[in-house]
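Down below is the structure, laid out as structure tokens.
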Amino acid sequence: MSVEKAVSLFFSEPFVSIIISIASSFISYKCAIKESREEHRHEIDRLIKEQQLSIEREAQLYGFKKKYDATADVSNKLSNLASCASRLFPRGIEFLPKDEEKQMEYRDDLYRAASEALNSAQLSLKANTPFLSDDVFDLGMEIIRLCRAQLNYFQLLYGDIEKEKSVNSDAYERTEEISRQLDRALNLMKRDLEANTLLKEPDQGTAK
503 MSVEKAVSLF FSEPFVSIII SIASSFISYK CAIKESREEH RHEIDRLIKE
553 QQLSIEREAQ LYGFKKKYDA TADVSNKLSN LASCASRLFP RGIEFLPKDE
603 EKQMEYRDDL YRAASEALNS AQLSLKANTP FLSDDVFDLG MEIIRLCRAQ
653 LNYFQLLYGD IEKEKSVNSD AYERTEEISR QLDRALNLMK RDLEANTLLK
703 EPDQGTAK
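Under my numbering, read the sequence shown as residues 503 to 710, first letter to last.
What follows is the structure in structure tokens.
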């Protein structure tokens with residue numbers, strides 16, 4: 503076949519149509535491959551984003567649980583301490599055993615319970631410090647200071663059986679102050695937990 507005939511055949515309408523059809527099919531194939539790759543890339547990006555959000559959510563839940571557990575432990579220990587310390591010098595009528603020896607045993611029990619509660623509260627506050635606000639920690643320390651003062655005065659007053667028992671009014675005022683400070687601490691801990699973003703409903707207006 504001569505060159506002229508080959509060129510003429512190459513540019514003939516049937517041959518050109520075949521070439522165009524093949525090229526069009528190849529371009530369509532390339533476009534389909536590109537589109538498929540884009541879809542896969544978007545799907546992979548979506549899955550990665552969902553996984554990241556899931557990890558972040560789990561981290562938030564873990565952090566909130568740690569804060570909740572810490573707050574619950576501290577509030578329970580401080581409440582128990584305040585209760586035990588308040589029984590050392592209660593406001594109002596105090597009912598004591600009539601027998602003097604029984605009174606000593608009763609006061610020994612009060613002192614021992616308050617001492618144990620003080621130690622537990624101190625340990626709890628120290629162990630959970632990273633999860634507490636500064637205000638909560640400071641109030642906890644103030645409650646512990648007041649209760650320690652009650653314990654020291656109780657021991658001073660009743661440690662010597664020969665000493666005349668006359669309770670200073672400051673002891674009763676500390677009992678009321680302990681109650682006030684505990685209320686403040688508990689309210690503050692509740693506010694801190696409620697302020698946590700996990701307890702808030704998502705803002706539907708900003709959702710996209």
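For each residue, glycine too, the CB sits at the ideal point set by N, CA and C.
Q.
Would residue 646 and residue 673 qualify as a contact pair, given that the criterion is a beta-carbon distance under 7 Å?
A. Position 144 of the sequence shown holds residue 646. Position 171 of the sequence shown holds residue 673. Against a cut-off of 7 Å, the Cβ pair of residue 673 and residue 646 comes out as no contact.
Q) Under a three-way DSSP split, which group does residue 572 fall into? A) The residue you call residue 572 lines up with position 70 of the sequence shown. The answer is helix: DSSP assigns residue 572 an H, G or I state.
Q | Assumed close pair residue 656, residue 608 - CB separation to whole angstroms, cut-off 8 Å | A | What you label residue 656 is simply residue 154 of the sequence shown in a count that begins at 1. What you label residue 608 is simply residue 106 of the sequence shown in a count that begins at 1. In fact, because the Cβ distance is near 12 Å, the residues do not count as touching under 8 Å.
Q. Between which two residues does the alpha helix (DSSP H) carrying residue 680 extend?
A. As a working mapping, residue 680 is identified with position 178 in the sequence shown. Residues 671-696.
Q. Do you know how far the Cα of residue 551 is from the Cα of residue 620?
A. In the sequence shown, the residue the question calls residue 620 occupies position 118. In the sequence shown, the residue the question calls residue 551 occupies position 49. Straight-line Cα distance between these residues: approximately 48 Å.
Q. How about residue 641 and residue 616: do their beta carbons lie closer than 7 Å?
A. Within the sequence shown, residue 641 is the residue found at index 139, counting from 1. Within the sequence shown, residue 616 is the residue found at index 114, counting from 1. A distance of 7 Å or more separates the beta carbons of residue 641 and residue 616.
(Q) Using a Cβ-Cβ cutoff of less than 6 Å, which residues in the same chain neighbour residue 698 once the five nearest sequence positions on both sides are dropped? (A) Along the sequence shown, read from residue 1 onward, the residue named residue 698 stands at position 196. Taken in chain order, the residues that qualify are 566.
Q. With contact counted as at least three CB pairs below 8 Å, one residue from each stretch, are the segment 632-639 and the segment 572-587 in contact?
A. yes
Q. So, is residue 689 buried or exposed, given that buried needs 16 or more other C-beta atoms within 10 angstroms?
A. Sequence index remark: in the sequence shown, residue 689 carries index 187 (1-based). Flag for residue 689 reads exposed.
(Q) If distances are taken between C-alpha atoms only, which option among 599, 627, 600 and 686 comes closest to residue 569? (A) To locate residue 569, count along the sequence shown from 1; it is residue 67. It is 627 whose Cα lies nearest to the Cα of residue 569.
Q: Compare the C-alpha of residue 603 against each of 660, 578 and 671 and name the closest.
A: Within the sequence shown, residue 603 is the residue found at index 101, counting from 1. It is 660 whose Cα lies nearest to the Cα of residue 603.
Q | Reduced DSSP secondary structure (H/G/I, E/B, other) of residue 595 | A | For this step, residue 595 is matched to residue 93 along the sequence shown. DSSP places residue 595 in coil when its eight states are reduced to three.
(Q) Taking 7 Å as the limit between beta carbons, can you name the residues of its chain near residue 686, skipping five residues before and five after? (A) Here residue 686 refers to the residue found at position 184 when the sequence shown is read from its first residue. Within the same chain, residue 686 has close Cβ partners 641.
Q. Residue 684 to residue 676, Cα distance in whole Å?
A. Along the sequence shown, one-based indexing puts residue 684 at 182. Along the sequence shown, one-based indexing puts residue 676 at 174. Approximately 12 Å, taken between the alpha carbons.
Q) Looking at residue 679 and residue 648, is the spacing between their C-beta atoms short of 7 Å? A) Here the question's residue 648 lines up with position 146 in the sequence shown. Here the question's residue 679 lines up with position 177 in the sequence shown. Yes; because the gap between Cβ atoms is below 7 Å, this pair is in contact.
Q) Between residue 563 and residue 630, what straight-line distance do the alpha-carbon atoms span, to the nearest angstrom? A) As a first step, residue 563 must be located in the sequence shown, where it is residue number 61. As a first step, residue 630 must be located in the sequence shown, where it is residue number 128. Their Cα atoms are separated by approximately 17 Å.
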